[in-house]
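In the numbering used here, the protein residues as written are 200 to 673.
Below is one structure; the comments refer to it alone.
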Amino acid sequence: MKSFFLIGLLLTLPLCAKELTLVSKDGKIITAELVDVSKKLQITLKLANKKRITVTPDALAEESLVTISREWIAVRSAMVDPINNALGHKLFGPTGDIFTEDVEKVAARVRWPQESKTPFTSSYRRYTGESYRFAGARPYSVVAYGDVNGKTEQVSLIFANKGDTLSTSGFGEDHFTESGEKISVKSFTDAMRRDEETISRKLTQLFGEATKQRFGEGKDRRSVHRWDWNSHSFLLTALEGEYVGLQIVPPAFADDKGSTDRIGDKEMKERLLGNVVREKNGDVYIKNIPMVDQGPKGYCAPATFERAMRYAGVPADMYLLATLATQAGGGTHSALLFDEVKRSVSRKGRRSRALSVDDLEFKKLKKYIDKGVPVMWQMCAISKYQTIANTRSKERKSVTDWAAYTEKIAAEAAVNESELSIRDDHHICMIIGYNEATGEIAVSDSWGPRYTIRWVHHKEAQAVTSNGGFAIDL
Numbered sequence: 200m201k202s203f204f205l206i207g208l209l210l211t212l213p214l215c216a217k218e219l220t221l222v223s224k225d226g227k228i229i230t231a232e233l234v235d236v237s238k239k240l241q242i243t244l245k246l247a248n249k250k251r252i253t254v255t256p257d258a259l260a261e262e263s264l265v266t267i268s269r270e271w272i273a274v275r276s277a278m279v280d281p282i283n284n285a286l287g288h289k290l291f292g293p294t295g296d297i298f299t300e301d302v303e304k305v306a307a308r309v310r311w312p313q314e315s316k317t318p319f320t321s322s323y324r325r326y327t328g329e330s331y332r333f334a335g336a337r338p339y340s341v342v343a344y345g346d347v348n349g350k351t352e353q354v355s356l357i358f359a360n361k362g363d364t365l366s367t368s369g370f371g372e373d374h375f376t377e378s379g380e381k382i383s384v385k386s387f388t389d390a391m392r393r394d395e396e397t398i399s400r401k402l403t404q405l406f407g408e409a410t411k412q413r414f415g416e417g418k419d420r421r422s423v424h425r426w427d428w429n430s431h432s433f434l435l436t437a438l439e440g441e442y443v444g445l446q447i448v449p450p451a452f453a454d455d456k457g458s459t460d461r462i463g464d465k466e467m468k469e470r471l472l473g474n475v476v477r478e479k480n481g482d483v484y485i486k487n488i489p490m491v492d493q494g495p496k497g498y499c500a501p502a503t504f505e506r507a508m509r510y511a512g513v514p515a516d517m518y519l520l521a522t523l524a525t526q527a528g529g530g531t532h533s534a535l536l537f538d539e540v541k542r543s544v545s546r547k548g549r550r551s552r553a554l555s556v557d558d559l560e561f562k563k564l565k566k567y568i569d570k571g572v573p574v575m576w577q578m579c580a581i582s583k584y585q586t587i588a589n590t591r592s593k594e595r596k597s598v599t600d601w602a603a604y605t606e607k608i609a610a611e612a613a614v615n616e617s618e619l620s621i622r623d624d625h626h627i628c629m630i631i632g633y634n635e636a637t638g639e640i641a642v643s644d645s646w647g648p649r650y651t652i653r654w655v656h657h658k659e660a661q662a663v664t665s666n667g668g669f670a671i672d673l
């Protein structure tokens, strides 16, 4: 077991010029420098006479593997500090490999708070301030994603981009109010150029010249500059008029251009059904839907689609989705985005459905929720609606007489309907549950954990419905 662990360390051993005294399995003393360890577990040594030989770990005695592993730790630690200093953050720990670490531990080192955590995926996101820098440039959004085992899957940073840079919106419900100053498109273009040059220069100083490759699937395919270090690939994207982004991914993922395996229908069906919660008070809702905080920009549609796609086992990123059908600063053509997403979802064996207003009737909604499928709902998130959703959700936590509560909110809904007819503050969120006895539906917005679930009467929801919705189904 010990040798297996040491061999795992050898897989990403950096070059080392220190002379080592090693012992072969048959007791022969070897004085050599360690030159390289390949992915095929071939160890290249340079002997005292300058001759190079290649051996496998099973040719060396256990104590020699221990010697090599100790040297690996020392060299790796010496490499980690300069890299962290250049990035401006302690992204890499003593092992120098974020992909073998729990994502929670990596996020804690760089102080990125938890955004979402389910048994299948997790994310730790931070929207930064003016003084925040990574690799010398200011990212607006930084996020670390975790896989089904809780290990780091990838890190994504978005620098100058048309959503955050050009947005004047606030966070959460304040998205619909103006805040901040607008900047010119020229200033945005200049910011993109500066960020790309700054990051590229920093990574080249660390790792040498970049290689250029294509990355992504379908319309997400784009040119990236790539730098490799040990078990990490740094991918820099500068998509004209859209964003500058940096992804840190495993080299195998970069080699495969970001493609991922699909989850089988049987496994996904069981997972979705297992996410349906049924409470004693009649509440039925879907758990384990990833949260994505859209931040201070009009990315409610890309963020909501990302949530639905990741929940259905389809990798997605709201910034990439936003390039398909979003204007500068925000505002997405949802139907156009859906058409583009449909192709990505189909490649992973899932089905996308465009829903009419009639499909959002209570009985039809129930069928989706009962099989664990959330519905993406196009509506008008006017302030009156927000007040109702916040007040009702807080009130129902202390209900003891559900019959009286049902009668009360039905009367309120009859009055509220006429006050919810304003066609403004267009938004898209999720319907994730219902209560047949009370006539309520459960709603989830892409504004962070606080908005994971809120409740409104279905008649109030009908009053603010605009253009139907969408679903990603089996």
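From the three backbone atoms N, C-alpha and C, an ideal C-beta is built for every residue, glycine too.
- The beta strand (DSSP E) runs lying completely inside the segment 388-435 and spanning 3 residues or more are 410-414 and 421-428, given in chain order.
- Per the coordinates, the alpha-carbon of C499 lies some 6 Å from the alpha-carbon of S645.
- When the beta-carbon positions are compared, T351 and I282 stay at least 8 Å from each other.
- For G345, the closest of A359, S383 and A306 by C-alpha to C-alpha distance is A306.
- Unbroken alpha helix (DSSP H) stretches of 4 residues or longer found wholly inside the segment 476-531: 499-510 and 517-524, given in chain order.
- Of the candidates T230, T605 and T266, T230 places its Cα closest to the Cα of K250.
- With fewer than 16 other CB atoms across the displayed protein chains lying within 10 angstroms of its CB, R420 is exposed.
- Contact annotation: the segment 553-570 touches the segment 481-488, with at least three C-beta pairs closer than 8 Å.
- A641 and G647 do not touch by the CB rule: their CB atoms are close to 17 Å apart, not below 8 Å.
- Taking C-alpha positions only, N284 is separated from L405 by approximately 11 Å.
- With distances taken between CA atoms, I228 lies nearest to L259 out of P449, L259 and L520.
- The segment 494-509 and the segment 595-608 do not touch, with fewer than three beta-carbon pairs separated by less than 8 Å.
- The beta carbons of K496 and G362 sit closer together than 8 Å.
- Contact annotation: Y584 and I357 have beta-carbon atoms that are not nearer than 8 Å.
- Here T590 carries a helix assignment [DSSP, helix/strand/coil].
- Of the other Cβ atoms in all chains shown, 16 or more fall within 10 Å of the Cβ of H625; this residue is therefore buried.
- Distances from the alpha-carbon of V265 to those of A247, L221, K289 and V254 put L221 closest.
- Taken through DSSP and simplified to helix, strand or coil, F452 comes out as helix.
- Following the DSSP letters along the chain, one finds Q661 inside the alpha helix (DSSP H) bounded by residues H657 to V663.
- Distances from the alpha-carbon of V347 to those of G335, F319, A359 and Y339 put F319 closest.
- In the three-state reduction of the DSSP assignment, A612 falls in the helix class.
- Here N474 is buried. Its C-beta has 16 or more other C-beta atoms within 10 Å.
- From the listed residues D558, N615, K607 and T605, the smallest Cα separation to T586 is found for N615.
- Per the C-alpha coordinates, the member of Y323, D516, E408 and A247 positioned closest to R310 is Y323.
- Taking the C-beta atoms as reference points, L471 is found no nearer than 8 Å to V540.
- In summary, A511 is buried, with 16 or more beta-carbon neighbours lying within 10 Å of its beta-carbon over all protein chains present.
- Around the CB of P293, fewer than 16 other CB atoms lie within 10 Å, so the residue is classed as exposed.
- Straight across, the Cα-Cα distance linking S321 with V302 is about 8 Å.
- If you draw a 10 Å sphere on the C-beta of G457, you find 16 or more other C-beta atoms in it, and that means buried.
- Along the length of the segment 331-368, whole beta strand (DSSP E) runs at least 3 residues long occupy 340-345 and 351-360, reported in chain order.
- Taking the Cβ atoms as the reference, T522 lies roughly 6 Å from L438, within the contact range of under 8 Å.
- Counted as a single uninterrupted DSSP element, the stretch harbouring I621 is not any beta strand (DSSP E), since DSSP gives it neither H nor E.
- Under DSSP, Q577 takes part in a beta bridge, and its partners are I627.
- The DSSP-derived three-state label of W601 is helix.
- The alpha-carbon separation between L365 and E441 amounts to approximately 11 Å.
- Residue range E218 to V222 is occupied by the beta strand (DSSP E) that includes L219.
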